[in-house]
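K.L.:
Heads up: the sequence shown is residues 2 to 422, going by the working numbering.
Don't be surprised by glycine CBs; every beta carbon is placed ideally from N, CA and C.
These numbers come from a predicted model, not from an experiment.
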Amino acid sequence: MHKLRFHKVEAILVILIMMVSIIGAPAFAATEPTVRIFIDGKEVASDSEPVIINNRTYVPLKVVSENLGAQVTWKAETQQIVINWRTDSTPNLPQPVPGDIQIIIDGQVLVVPPAMGKPFVNSKYRTMIPLNAVSSALDCDVKWIAASSAVDIRSRNVSPDTQLLTDLAQYQSNLKLMDGSVINSSDLAGRSVSSFSTDQLTVLKTYRDELNKYGTSVTLPTGEAINYKDLTIMGDSYLTAKQLKKWVKNERARVSDNSDSQDLQLKDVYDLAELYIKIGAEYGVRGDLAFCQAAKETKYFLFTGSVQSWQNNYCGLWATGSPCTGTEPCNGADSSLVSFQAGVSGAIFATPEAGVEAHIQHLYAYACKRALPAGKSLIDPRYSLVSRGIAPTWQGLNARWAVPGPSYGQSIIRDYWLKAF
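In C-alpha coordinates, the structure reads:
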(Lines of atoms letter the chains of each structure in order from A and count residues from 1; the text may use other names and numbers.)
(Lines give C-alpha, C1' and ligand atoms only; values in the text may rest on other atoms or scores of the structure.)
Protein backbone atom coordinates (compact mmCIF):
# COMPACT_ATOMS: atom_id res chain seq x y z
CA MET A 1 0.00 0.00 0.00
CA HIS A 2 1.49 3.37 -1.03
CA LYS A 3 2.24 5.94 1.61
CA LEU A 4 0.92 9.46 1.29
CA ARG A 5 3.70 11.36 -0.51
CA PHE A 6 4.59 14.92 0.36
CA HIS A 7 6.86 17.00 -1.89
CA LYS A 8 8.52 20.25 -0.89
CA VAL A 9 7.33 20.11 2.68
CA GLU A 10 7.80 23.77 3.51
CA ALA A 11 5.77 24.93 0.52
CA ILE A 12 3.02 22.47 1.25
CA LEU A 13 2.67 23.66 4.84
CA VAL A 14 2.13 27.19 3.58
CA ILE A 15 -0.45 25.98 1.07
CA LEU A 16 -2.32 23.95 3.66
CA ILE A 17 -2.42 26.82 6.12
CA MET A 18 -3.92 28.97 3.37
CA MET A 19 -6.44 26.20 2.63
CA VAL A 20 -7.56 26.14 6.26
CA SER A 21 -8.10 29.89 6.09
CA ILE A 22 -10.06 29.63 2.86
CA ILE A 23 -12.22 26.73 3.97
CA GLY A 24 -12.86 28.24 7.36
CA ALA A 25 -12.90 25.10 9.50
CA PRO A 26 -15.08 25.73 12.55
CA ALA A 27 -13.67 25.58 16.05
CA PHE A 28 -13.98 22.32 17.93
CA ALA A 29 -16.05 22.11 21.09
CA ALA A 30 -13.73 21.31 23.98
CA THR A 31 -16.39 19.30 25.76
CA GLU A 32 -17.02 16.79 22.98
CA PRO A 33 -16.06 13.18 23.84
CA THR A 34 -13.09 11.43 22.29
CA VAL A 35 -14.29 9.65 19.16
CA ARG A 36 -12.78 6.32 18.14
CA ILE A 37 -12.67 4.66 14.71
CA PHE A 38 -13.47 1.00 14.08
CA ILE A 39 -13.01 -0.42 10.60
CA ASP A 40 -14.39 -3.92 10.05
CA GLY A 41 -14.49 -4.40 13.81
CA LYS A 42 -10.92 -3.36 14.61
CA GLU A 43 -10.01 -0.09 16.27
CA VAL A 44 -7.79 2.05 14.09
CA ALA A 45 -5.07 4.31 15.45
CA SER A 46 -4.80 7.79 14.03
CA ASP A 47 -2.75 10.90 14.70
CA SER A 48 -5.94 12.86 13.99
CA GLU A 49 -8.97 11.81 15.99
CA PRO A 50 -12.47 12.15 14.56
CA VAL A 51 -14.21 15.31 15.67
CA ILE A 52 -17.80 16.38 16.12
CA ILE A 53 -18.66 19.80 14.72
CA ASN A 54 -22.20 21.14 14.71
CA ASN A 55 -23.51 17.62 15.37
CA ARG A 56 -21.59 16.24 12.36
CA THR A 57 -18.79 13.71 12.70
CA TYR A 58 -15.64 14.23 10.62
CA VAL A 59 -13.03 11.50 10.11
CA PRO A 60 -9.45 11.62 8.72
CA LEU A 61 -9.73 10.68 5.06
CA LYS A 62 -6.27 9.18 4.67
CA VAL A 63 -6.58 6.92 7.72
CA VAL A 64 -9.99 5.58 6.71
CA SER A 65 -9.05 5.11 3.05
CA GLU A 66 -5.82 3.24 3.69
CA ASN A 67 -7.36 0.99 6.33
CA LEU A 68 -10.05 0.03 3.82
CA GLY A 69 -7.32 -1.00 1.37
CA ALA A 70 -7.08 2.08 -0.84
CA GLN A 71 -3.91 3.85 -2.00
CA VAL A 72 -3.67 7.52 -1.14
CA THR A 73 -1.41 10.12 -2.78
CA TRP A 74 -1.16 13.85 -2.20
CA LYS A 75 -0.54 15.94 -5.33
CA ALA A 76 1.02 19.09 -3.92
CA GLU A 77 1.25 20.92 -7.21
CA THR A 78 -2.49 20.64 -7.88
CA GLN A 79 -3.74 20.36 -4.27
CA GLN A 80 -5.47 17.08 -5.06
CA ILE A 81 -5.90 13.98 -2.92
CA VAL A 82 -5.85 10.98 -5.22
CA ILE A 83 -7.37 7.75 -3.91
CA ASN A 84 -7.05 4.55 -5.91
CA TRP A 85 -9.79 2.30 -4.60
CA ARG A 86 -10.50 -0.15 -7.42
CA THR A 87 -7.84 1.06 -9.85
CA ASP A 88 -4.06 0.87 -9.60
CA SER A 89 -3.43 4.35 -10.98
CA THR A 90 -5.11 7.49 -12.27
CA PRO A 91 -3.13 8.72 -15.31
CA ASN A 92 -5.47 11.57 -16.27
CA LEU A 93 -6.46 13.73 -13.32
CA PRO A 94 -9.41 16.10 -13.51
CA GLN A 95 -8.73 19.82 -13.80
CA PRO A 96 -7.89 21.18 -10.33
CA VAL A 97 -9.97 23.90 -8.69
CA PRO A 98 -7.77 26.76 -7.41
CA GLY A 99 -8.00 27.35 -3.67
CA ASP A 100 -10.03 24.24 -2.93
CA ILE A 101 -9.37 20.67 -1.83
CA GLN A 102 -10.15 18.18 -4.55
CA ILE A 103 -10.69 14.56 -3.58
CA ILE A 104 -10.42 12.16 -6.51
CA ILE A 105 -11.47 8.53 -6.15
CA ASP A 106 -10.71 6.20 -9.07
CA GLY A 107 -10.53 9.19 -11.40
CA GLN A 108 -13.80 10.78 -10.27
CA VAL A 109 -14.08 13.94 -8.19
CA LEU A 110 -15.88 13.30 -4.92
CA VAL A 111 -18.74 15.74 -4.54
CA VAL A 112 -19.82 16.21 -0.95
CA PRO A 113 -23.32 17.77 -0.68
CA PRO A 114 -23.25 20.93 1.46
CA ALA A 115 -25.89 19.41 3.74
CA MET A 116 -23.32 16.78 4.82
CA GLY A 117 -20.70 19.35 5.77
CA LYS A 118 -17.54 20.53 4.07
CA PRO A 119 -14.16 18.74 4.08
CA PHE A 120 -11.40 20.73 5.75
CA VAL A 121 -7.76 20.51 6.79
CA ASN A 122 -7.15 20.32 10.53
CA SER A 123 -4.25 21.72 12.55
CA LYS A 124 -2.21 18.58 11.81
CA TYR A 125 -2.65 19.09 8.07
CA ARG A 126 -4.98 16.11 7.73
CA THR A 127 -8.02 16.29 5.50
CA MET A 128 -11.18 15.64 7.50
CA ILE A 129 -14.28 14.43 5.68
CA PRO A 130 -17.90 14.16 6.91
CA LEU A 131 -18.63 10.62 8.05
CA ASN A 132 -21.75 10.31 5.89
CA ALA A 133 -19.69 11.05 2.78
CA VAL A 134 -17.48 8.02 3.44
CA SER A 135 -20.29 5.58 2.65
CA SER A 136 -20.76 6.62 -0.97
CA ALA A 137 -17.09 7.46 -1.49
CA LEU A 138 -15.63 4.11 -0.44
CA ASP A 139 -18.60 1.76 -0.81
CA CYS A 140 -18.95 0.90 2.84
CA ASP A 141 -21.48 1.12 5.61
CA VAL A 142 -20.97 3.69 8.31
CA LYS A 143 -22.64 4.00 11.68
CA TRP A 144 -22.33 6.31 14.64
CA ILE A 145 -22.46 4.43 17.98
CA ALA A 146 -23.48 7.02 20.53
CA ALA A 147 -23.12 4.72 23.56
CA SER A 148 -19.36 4.37 23.01
CA SER A 149 -18.69 7.54 20.95
CA ALA A 150 -17.39 5.40 18.10
CA VAL A 151 -17.40 5.52 14.31
CA ASP A 152 -18.16 2.05 12.92
CA ILE A 153 -17.13 1.56 9.26
CA ARG A 154 -17.79 -1.73 7.50
CA SER A 155 -16.64 -3.00 4.12
CA ARG A 156 -19.56 -4.25 2.10
CA ASN A 157 -17.69 -7.26 0.72
CA VAL A 158 -17.53 -9.02 4.11
CA SER A 159 -19.93 -11.95 4.60
CA PRO A 160 -22.47 -11.58 7.45
CA ASP A 161 -20.99 -14.49 9.41
CA THR A 162 -17.44 -13.20 9.04
CA GLN A 163 -18.69 -9.82 10.18
CA LEU A 164 -20.31 -11.51 13.17
CA LEU A 165 -16.96 -12.85 14.37
CA THR A 166 -15.30 -9.48 13.78
CA ASP A 167 -18.06 -7.69 15.68
CA LEU A 168 -17.71 -9.98 18.68
CA ALA A 169 -13.92 -9.70 18.70
CA GLN A 170 -14.01 -5.97 19.51
CA TYR A 171 -15.76 -6.58 22.84
CA GLN A 172 -12.94 -8.75 24.24
CA SER A 173 -15.59 -10.48 26.35
CA ASN A 174 -15.78 -14.08 27.58
CA LEU A 175 -18.21 -16.25 25.65
CA LYS A 176 -19.57 -19.68 26.55
CA LEU A 177 -19.57 -22.02 23.56
CA MET A 178 -21.96 -24.90 23.05
CA ASP A 179 -19.26 -27.47 23.83
CA GLY A 180 -18.91 -25.96 27.32
CA SER A 181 -15.64 -24.16 26.70
CA VAL A 182 -15.14 -20.46 27.38
CA ILE A 183 -13.21 -18.25 24.98
CA ASN A 184 -12.46 -14.56 24.90
CA SER A 185 -14.18 -13.01 21.92
CA SER A 186 -10.92 -11.35 20.85
CA ASP A 187 -9.82 -14.84 19.76
CA LEU A 188 -12.53 -14.77 17.08
CA ALA A 189 -10.64 -12.20 15.01
CA GLY A 190 -9.40 -13.97 11.92
CA ARG A 191 -11.15 -17.26 12.76
CA SER A 192 -12.74 -19.08 9.85
CA VAL A 193 -16.53 -19.19 9.88
CA SER A 194 -16.31 -22.85 8.85
CA SER A 195 -14.92 -23.74 12.29
CA PHE A 196 -18.36 -23.09 13.81
CA SER A 197 -21.60 -24.98 13.32
CA THR A 198 -24.76 -23.23 12.15
CA ASP A 199 -26.24 -23.63 15.63
CA GLN A 200 -23.14 -22.13 17.23
CA LEU A 201 -23.25 -19.14 14.88
CA THR A 202 -26.89 -18.62 15.87
CA VAL A 203 -25.89 -18.54 19.53
CA LEU A 204 -23.04 -16.14 18.77
CA LYS A 205 -25.53 -13.81 17.11
CA THR A 206 -27.56 -13.66 20.32
CA TYR A 207 -24.35 -12.82 22.18
CA ARG A 208 -23.62 -10.01 19.76
CA ASP A 209 -27.12 -8.62 20.17
CA GLU A 210 -26.67 -8.61 23.94
CA LEU A 211 -23.23 -7.00 23.83
CA ASN A 212 -24.40 -4.37 21.33
CA LYS A 213 -26.67 -2.97 24.02
CA TYR A 214 -23.63 -1.88 26.00
CA GLY A 215 -20.98 -1.05 23.41
CA THR A 216 -17.31 -1.39 24.28
CA SER A 217 -16.72 1.59 26.54
CA VAL A 218 -18.36 3.52 29.32
CA THR A 219 -17.95 7.06 30.62
CA LEU A 220 -17.45 7.18 34.36
CA PRO A 221 -19.05 9.93 36.43
CA THR A 222 -15.55 11.37 36.77
CA GLY A 223 -15.70 12.09 33.04
CA GLU A 224 -13.10 9.46 32.17
CA ALA A 225 -14.03 7.16 29.28
CA ILE A 226 -12.75 3.60 29.72
CA ASN A 227 -13.32 0.23 28.14
CA TYR A 228 -15.58 -2.05 30.17
CA LYS A 229 -12.81 -4.62 30.20
CA ASP A 230 -10.53 -2.26 32.12
CA LEU A 231 -12.66 -1.66 35.22
CA THR A 232 -11.01 -3.87 37.84
CA ILE A 233 -12.57 -5.73 40.74
CA MET A 234 -9.69 -4.75 43.00
CA GLY A 235 -9.43 -1.09 43.95
CA ASP A 236 -11.02 1.66 45.99
CA SER A 237 -14.76 2.23 46.00
CA TYR A 238 -15.97 5.20 44.01
CA LEU A 239 -19.25 5.46 45.91
CA THR A 240 -19.95 6.02 49.59
CA ALA A 241 -22.42 3.99 51.66
CA LYS A 242 -24.62 7.09 51.77
CA GLN A 243 -24.86 7.17 47.98
CA LEU A 244 -25.63 3.45 47.85
CA LYS A 245 -28.41 3.85 50.42
CA LYS A 246 -30.11 6.63 48.51
CA TRP A 247 -29.89 4.71 45.25
CA VAL A 248 -31.17 1.38 46.56
CA LYS A 249 -34.08 3.05 48.36
CA ASN A 250 -35.27 4.60 45.09
CA GLU A 251 -34.78 1.40 43.12
CA ARG A 252 -36.64 -0.76 45.64
CA ALA A 253 -39.59 1.63 45.49
CA ARG A 254 -39.54 1.30 41.71
CA VAL A 255 -39.49 -2.51 41.49
CA SER A 256 -41.11 -3.77 44.72
CA ASP A 257 -44.40 -4.89 43.20
CA ASN A 258 -43.94 -8.61 43.83
CA SER A 259 -46.06 -9.74 46.77
CA ASP A 260 -44.14 -13.04 46.93
CA SER A 261 -40.81 -11.35 47.62
CA GLN A 262 -39.06 -11.96 50.95
CA ASP A 263 -37.46 -8.56 51.12
CA LEU A 264 -35.14 -7.27 53.76
CA GLN A 265 -36.17 -4.25 55.78
CA LEU A 266 -34.71 -1.03 54.41
CA LYS A 267 -32.66 -0.57 57.58
CA ASP A 268 -31.03 -3.97 57.03
CA VAL A 269 -30.20 -3.03 53.44
CA TYR A 270 -28.62 0.19 54.68
CA ASP A 271 -26.50 -1.85 57.09
CA LEU A 272 -25.36 -4.01 54.16
CA ALA A 273 -24.22 -0.93 52.25
CA GLU A 274 -21.99 -0.02 55.18
CA LEU A 275 -20.65 -3.58 55.39
CA TYR A 276 -19.83 -3.80 51.69
CA ILE A 277 -17.81 -0.58 51.79
CA LYS A 278 -16.02 -1.57 55.01
CA ILE A 279 -15.26 -5.22 54.23
CA GLY A 280 -14.48 -4.47 50.60
CA ALA A 281 -11.79 -2.02 51.72
CA GLU A 282 -10.28 -4.68 54.00
CA TYR A 283 -9.73 -6.93 50.99
CA GLY A 284 -8.94 -4.17 48.47
CA VAL A 285 -12.15 -5.02 46.56
CA ARG A 286 -14.43 -2.30 45.22
CA GLY A 287 -17.21 -2.70 47.76
CA ASP A 288 -19.57 -0.31 45.98
CA LEU A 289 -19.58 -2.45 42.85
CA ALA A 290 -19.91 -5.61 44.93
CA PHE A 291 -23.00 -4.11 46.60
CA CYS A 292 -24.43 -3.35 43.16
CA GLN A 293 -23.72 -6.92 42.07
CA ALA A 294 -25.62 -8.13 45.14
CA ALA A 295 -28.50 -5.81 44.18
CA LYS A 296 -28.53 -7.41 40.73
CA GLU A 297 -28.49 -10.95 42.14
CA THR A 298 -31.26 -10.30 44.69
CA LYS A 299 -33.38 -7.77 42.76
CA TYR A 300 -32.44 -4.95 45.12
CA PHE A 301 -32.54 -7.30 48.13
CA LEU A 302 -36.17 -8.26 47.52
CA PHE A 303 -35.08 -11.92 47.09
CA THR A 304 -37.58 -12.91 44.41
CA GLY A 305 -35.53 -15.95 43.34
CA SER A 306 -34.66 -19.29 44.93
CA VAL A 307 -32.30 -17.89 47.58
CA GLN A 308 -34.19 -16.56 50.60
CA SER A 309 -33.46 -13.45 52.61
CA TRP A 310 -32.74 -15.28 55.89
CA GLN A 311 -29.79 -17.10 54.29
CA ASN A 312 -27.65 -13.93 54.26
CA ASN A 313 -26.46 -15.08 50.84
CA TYR A 314 -26.32 -11.92 48.76
CA CYS A 315 -24.61 -13.18 45.62
CA GLY A 316 -26.08 -16.65 45.15
CA LEU A 317 -23.13 -18.71 46.40
CA TRP A 318 -23.81 -22.41 45.71
CA ALA A 319 -27.19 -21.58 44.15
CA THR A 320 -26.79 -23.92 41.20
CA GLY A 321 -30.41 -24.23 40.16
CA SER A 322 -31.13 -27.29 42.31
CA PRO A 323 -31.78 -27.39 46.06
CA CYS A 324 -28.89 -28.46 48.28
CA THR A 325 -28.79 -31.92 49.86
CA GLY A 326 -27.37 -30.65 53.14
CA THR A 327 -24.19 -32.67 52.69
CA GLU A 328 -22.27 -30.14 50.59
CA PRO A 329 -18.65 -29.68 51.72
CA CYS A 330 -17.46 -26.42 53.25
CA ASN A 331 -14.10 -26.85 51.46
CA GLY A 332 -12.11 -25.39 54.34
CA ALA A 333 -14.55 -22.58 55.14
CA ASP A 334 -15.51 -21.96 58.76
CA SER A 335 -18.45 -24.32 59.39
CA SER A 336 -19.67 -22.12 62.25
CA LEU A 337 -20.33 -19.36 59.71
CA VAL A 338 -21.51 -21.30 56.64
CA SER A 339 -23.78 -24.34 56.35
CA PHE A 340 -26.19 -26.11 54.02
CA GLN A 341 -29.72 -27.40 54.47
CA ALA A 342 -31.57 -30.04 52.49
CA GLY A 343 -34.12 -28.51 50.16
CA VAL A 344 -32.66 -25.00 50.39
CA SER A 345 -30.95 -23.43 47.38
CA GLY A 346 -27.55 -21.94 48.08
CA ALA A 347 -25.29 -21.65 51.10
CA ILE A 348 -26.53 -20.33 54.44
CA PHE A 349 -24.41 -17.79 56.34
CA ALA A 350 -24.72 -17.26 60.08
CA THR A 351 -24.78 -13.46 59.97
CA PRO A 352 -25.11 -10.65 57.41
CA GLU A 353 -21.44 -9.82 58.04
CA ALA A 354 -20.46 -13.40 57.14
CA GLY A 355 -22.57 -13.30 53.98
CA VAL A 356 -21.00 -10.05 52.80
CA GLU A 357 -17.48 -11.26 53.57
CA ALA A 358 -18.08 -14.54 51.71
CA HIS A 359 -19.17 -12.52 48.66
CA ILE A 360 -16.09 -10.29 48.89
CA GLN A 361 -13.87 -13.37 49.27
CA HIS A 362 -15.37 -14.93 46.17
CA LEU A 363 -14.62 -11.80 44.15
CA TYR A 364 -11.13 -11.75 45.67
CA ALA A 365 -10.57 -15.31 44.47
CA TYR A 366 -11.55 -14.37 40.91
CA ALA A 367 -9.55 -11.15 40.89
CA CYS A 368 -6.15 -12.11 42.34
CA LYS A 369 -3.86 -14.92 43.46
CA ARG A 370 -2.86 -13.46 46.80
CA ALA A 371 -3.54 -15.18 50.13
CA LEU A 372 -6.39 -13.89 52.27
CA PRO A 373 -5.50 -10.71 54.16
CA ALA A 374 -3.85 -11.30 57.53
CA GLY A 375 -6.26 -12.26 60.27
CA LYS A 376 -9.06 -13.30 57.92
CA SER A 377 -10.78 -16.69 58.10
CA LEU A 378 -12.21 -18.44 55.06
CA ILE A 379 -16.00 -18.15 54.85
CA ASP A 380 -16.64 -18.71 51.14
CA PRO A 381 -17.25 -22.47 50.58
CA ARG A 382 -16.48 -22.13 46.87
CA TYR A 383 -13.26 -20.15 47.27
CA SER A 384 -11.02 -23.14 46.51
CA LEU A 385 -13.08 -24.04 43.44
CA VAL A 386 -12.19 -20.80 41.63
CA SER A 387 -9.25 -20.71 39.25
CA ARG A 388 -7.44 -17.94 41.12
CA GLY A 389 -6.98 -14.64 39.29
CA ILE A 390 -8.95 -15.76 36.24
CA ALA A 391 -11.13 -12.62 36.19
CA PRO A 392 -9.39 -9.46 37.45
CA THR A 393 -12.11 -7.24 35.94
CA TRP A 394 -15.87 -7.08 36.26
CA GLN A 395 -16.27 -7.92 32.58
CA GLY A 396 -14.05 -10.94 33.23
CA LEU A 397 -16.93 -12.44 35.24
CA ASN A 398 -18.87 -12.92 31.99
CA ALA A 399 -19.50 -16.63 31.27
CA ARG A 400 -17.78 -17.50 34.57
CA TRP A 401 -19.79 -16.10 37.46
CA ALA A 402 -22.92 -16.09 35.31
CA VAL A 403 -23.55 -18.58 32.49
CA PRO A 404 -23.85 -17.85 29.66
CA GLY A 405 -23.76 -14.24 30.90
CA PRO A 406 -22.15 -12.58 27.85
CA SER A 407 -22.77 -9.09 29.30
CA TYR A 408 -22.97 -9.86 33.04
CA GLY A 409 -20.14 -7.52 34.04
CA GLN A 410 -21.31 -4.71 31.77
CA SER A 411 -24.76 -4.93 33.34
CA ILE A 412 -23.37 -4.57 36.88
CA ILE A 413 -21.53 -1.46 35.78
CA ARG A 414 -24.08 0.34 33.62
CA ASP A 415 -27.48 -0.97 34.74
CA TYR A 416 -26.74 -0.71 38.46
CA TRP A 417 -23.53 0.99 39.58
CA LEU A 418 -23.57 4.05 37.30
CA LYS A 419 -27.16 4.80 38.31
CA ALA A 420 -26.09 5.10 41.93
CA PHE A 421 -23.89 8.16 41.35
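Rounded to the nearest angstrom, what separates K247 and I361 at their Cα positions?
P.N.:
22 Å
K.L.:
By Cβ distance below 8 Å, which residues in the same chain neighbour P330 in space, the five residues on each side in sequence not counted?
P.N.:
Hits under 8 Å: P382.
K.L.:
Threshold first: 3 residues or longer. Then list the beta strand (DSSP E) segments lying entirely within the region 268 to 318, N to C.
P.N.:
none
K.L.:
Taking Cβ to Cβ, would you say M129 is nearer than 9 Å to V135?
P.N.:
Not a contact, by the Cβ cut-off of 9 Å.
K.L.:
Please classify S408: is it buried, with 16 or more other beta-carbons within 10 angstroms of its beta-carbon, or exposed?
P.N.:
When all chains shown are included, S408 counts as buried.
K.L.:
Classify D162 as helix, strand or coil using the three-state DSSP reduction.
P.N.:
helix
K.L.:
Quick check on I54: does DSSP put it in helix, strand or coil?
P.N.:
strand
K.L.:
Please go through the region 124 to 149 and give each complete beta strand (DSSP E) segment of 3 or more residues, from N-terminal end onward.
P.N.:
128 to 131 and 141 to 146
K.L.:
Ends of the beta strand (DSSP E) at V113?
P.N.:
Careful: V113 lies outside any beta strand (DSSP E) and carries neither H nor E.
K.L.:
Would you kindly work out how many angstroms separate the C-alpha atoms of L240 and S156, rounded to a whole number?
P.N.:
43 Å
K.L.:
Could you name the residues that DSSP lists as bridge partners for A226?
P.N.:
In the DSSP output, where bridge partners are listed per residue, A226 has T220.
K.L.:
To the nearest angstrom, how far is it from the Cα of T299 to the Cα of L318?
P.N.:
So the alpha carbons of these two residues sit roughly 12 Å apart.
K.L.:
Ends of the beta strand (DSSP E) at V345?
P.N.:
No beta strand (DSSP E) contains V345, which DSSP labels as neither H nor E.
K.L.:
Looking at the structure shown, is I413 part of a helix, part of a strand, or coil, going by DSSP?
P.N.:
helix
K.L.:
Could you name the residues of the same chain whose beta carbon sits closer than 8 Å to that of K420, not counting the 5 residues immediately before and after it, in chain order?
P.N.:
The residues are W248 and E252.
K.L.:
Closest to G356 by C-alpha separation, out of Q396, T321 and G281, would be which residue?
P.N.:
G281
K.L.:
Using 10 angstroms around the beta-carbon of G100, count the other beta-carbons present and answer buried if the total reaches 16, otherwise exposed.
P.N.:
Counting the other CB atoms within 10 Å of its CB gives G100 a total below 16, which places it among the exposed residues.
K.L.:
Give the secondary structure of R389 by DSSP, where H, G and I count as helix, E and B as strand, and everything else as coil.
P.N.:
coil
K.L.:
How long is the line joining the alpha carbons of Y384 and V339, rounded to whole angstroms?
P.N.:
So the two alpha carbons sit approximately 13 Å from each other.
K.L.:
Three or more C-beta pairs closer than 8 Å, one from the region 36 to 48 and one from the region 57 to 64: is that the case here?
P.N.:
yes
K.L.:
Which whole-angstrom value is the C-beta distance of Q171 and T217, which I expect to be below 8 Å?
P.N.:
6 Å
K.L.:
Pull up the CB-CB distance for F350 and Q312, whole angstroms please, since I reckon it's below 8 Å.
P.N.:
About 7 Å separates the beta carbons of F350 and Q312, which is inside the 8 Å limit, making them a contact pair.
K.L.:
What does DSSP give as the partner residue(s) for I104 in the beta ladder?
P.N.:
I82
K.L.:
So if DSSP puts Y59 in a beta bridge, which residue, or which two residues, is it bridged to?
P.N.:
V52 and P131
K.L.:
Taking C-alpha atoms, which residue in K370, R192, I84 and M179 lies nearest to V204?
P.N.:
With distances taken between CA atoms, V204 lies nearest to M179 out of K370, R192, I84 and M179.
K.L.:
Pick from S307, L273 and E283: whose alpha carbon is nearest that of C293?
P.N.:
Checked all of S307, L273 and E283; the closest Cα to C293 is L273.
K.L.:
Measure the CB-CB distance between A254 and Y277 and report whether it falls below 9 Å.
P.N.:
no
K.L.:
What's the C-alpha gap between G108 and R127?
P.N.:
21 Å
K.L.:
Helix, strand or coil, according to DSSP, for A403 in the structure here?
P.N.:
Of the three classes helix, strand and coil, the one that applies to A403 here is strand, per DSSP.
K.L.:
Work out the CA separation of D142 and V98 for me, nearest whole Å.
P.N.:
29 Å
K.L.:
Please list the terminal residues of the continuous alpha helix (DSSP H) segment that includes T74.
P.N.:
Counting along the chain, T74 falls outside any alpha helix (DSSP H), though it belongs to the beta strand (DSSP E) covering Q72 to K76.
K.L.:
Which stretch, first to last residue, makes up the beta strand (DSSP E) that contains D153?
P.N.:
A151 to S156
K.L.:
Between K177 and A400, is the Cβ-Cβ spacing less than 9 Å?
P.N.:
yes
K.L.:
Less than 9 Å between the C-beta atoms of A368 and M235, yes or no?
P.N.:
yes
K.L.:
Closer than 8 Å: is that where the CB of Y365 sits relative to any heavy atom of the ligand HEM?
P.N.:
Because no ligand of any kind appears in the structure shown, any question about the ligand HEM cannot be addressed here.
K.L.:
Is DSSP giving R371 helix, strand or coil here?
P.N.:
coil
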